Amino acid sequence: MQTTEQPPTPTVVPRRLPTGSVPDSPAKPTAVAEVAADYRVIPRTDPSKAPIYLTPLGYSDAADLADVINASHADSVLRDTMLSFHVPFTVADAEKYISKYHRVTDLGARWYSVRLGSPTAPIVGGYGWTARALARDSVTPMEACPYIEWTIGGWFVSEVRREGLAAACFEETSRMAIADGRVARVVGQCFSDNEVSRRAMERSGFRVEGDMKGAMVKGGKLIDIYQMVWYPPTVKEGAKQQQIKAKL
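The letter at position 87 of the sequence shown is residue 148 when you use the numbering used here, and the numbering goes up by one with no holes.
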């Protein structure tokens with residue numbers, strides 16, 4: 062039975078990221094740049110569970126990231142590579158991973174480390190989204206088509222995968238997409254045999270848009286994946302109005 066209870070509103074808090082040991086490289090931002098970032102807090106509906114902290118991914122996370130992946134054999138489902146983290150996973154590997162997503166903010170894109178209970182607690186996952194402008198025809202000026210699409214991806218250590226963290230992160234993305242105002246679609250993918258992930262996304266307002274045959278390799282074999290999509294209320298209402306007009 063569905064409930065009308067609204068999820069708690071997350072809090073955005075300025076904080077000082079732990080600077081740790083930042084690699085001495087001109088291509089990487091300094092610890093000062095990381096200190097200026099904000100983190101997001103997602104309260105849990107169950108008060109007995111620690112709140113979720115989304116801290117901007119930074120180079121100071123490298124050692125912690127390497128430790129948690131080596132200890133837990135975490136799996137990644139990153140949208141662009143769909144590769145699993147290999148073990149052993151070195152600090153250099155972590156820095157390479159971080160360099161791909163660190164401070165990616167074009168068109169509202171974000172990438173976070175996921176922690177529980179504190180912004181300095183151990184990392185238990187990674188979550189975020191890339192962004193792109195929607196395709197437009199050749200006669201539509203760029204300024205006339207401000208709409209964008211976010212593509213989510215993430216990973217969680219096995220110890221927390223049944224605690225609802227992914228669903229909470231999905232819902233946080235939806236709130237941020239509505240606040241952004243330009244987002245027409247939020248998409249994500251999951252293995253066709255992963256009913257847990259699919260149901261978690263559906264509970265968060267996503268629906269199956271289609272399946273992609275033989276689109277991924279799992280256990281050395283080709284497997285299908287589901288393309289999941291979430292639309293903001295304004296887009297759904299606009300589509301509904303178009304359907305009404307078409308019937309008149």
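Idealized CB from N, CA, C, for every residue including glycine.
Nothing here was measured: the structure is a model prediction, and the numbers come from that model.
Rounded C-alpha distance that separates residue i from residue j
| i | j | result |
| --- | --- | --- |
| Lys157 | Phe146 | 12 angstroms |
| Ile284 | Ser258 | 15 angstroms |
| Ala111 | Ala227 | 14 angstroms |
| Leu184 | Ser174 | The displayed chain sequence assigns Ile, not Leu, to residue 184. So the alpha carbons of these two residues sit roughly 6 angstroms apart. |
| Ser199 | Val248 | 25 angstroms |
| Arg140 | Ala155 | No answer about Arg140 holds up, because its pLDDT of 41 lies below 50 and its placement is not dependable. |
| Cys230 | Met237 | 11 angstroms |
| Asn255 | Ala261 | 10 angstroms |
Nonlocal neighbours in the same chain, by C-beta distance under 6 angstroms from residue i, ignoring five residues either side
| i | result |
| --- | --- |
| Lys282 | none |
| Gly271 | Gln288 |
| Leu168 | Ala192 and Ile209 |
| Ile239 | Pro293 |
| Ala88 | Because the pLDDT of Ala88 is 45, which lies under 50, any placement of that residue in the model is unreliable, and the number read from its coordinates should be weighed accordingly. Nothing listed; no residue qualifies. |
| Trp172 | Leu118, Tyr162, Val165 and Gly189 |
Close beta carbons around residue i, own chain, < 7 angstroms, minus the five adjacent residues each side
| i | result |
| --- | --- |
| Ser219 | Ser133 |
| Asp107 | none |
| Arg264 | Ala228 |
| Gly266 | Ser235 and Trp291 |
| Thr201 | none |
| Ser179 | Tyr114 |
Cβ of residue i within 7 angstroms of any chain D Cβ
| i | result |
| --- | --- |
| Gly187 | Absent here is chain D; the protein component of the structure consists of one chain. |
Presumed contact (8 angstroms Cβ cut-off) between residue i and residue j, rounded CB distance
| i | j | result |
| --- | --- | --- |
| Tyr287 | Ser253 | 6 angstroms |
| Gly214 | Gly189 | 7 angstroms |
Bridge partners - residue i, DSSP secondary structure assignment
| i | result |
| --- | --- |
| Phe252 | Ile286 |
| Thr191 | Thr212 |
Does the count of Cβ pairs from the region 192-202 and the region 122-135 closer than 8 angstroms reach three?
-> Using a Cβ-Cβ distance cut-off of 8 angstroms, the region 192-202 and the region 122-135 are not in contact, since fewer than three pairs of beta carbons, one from each stretch, lie closer than that value.
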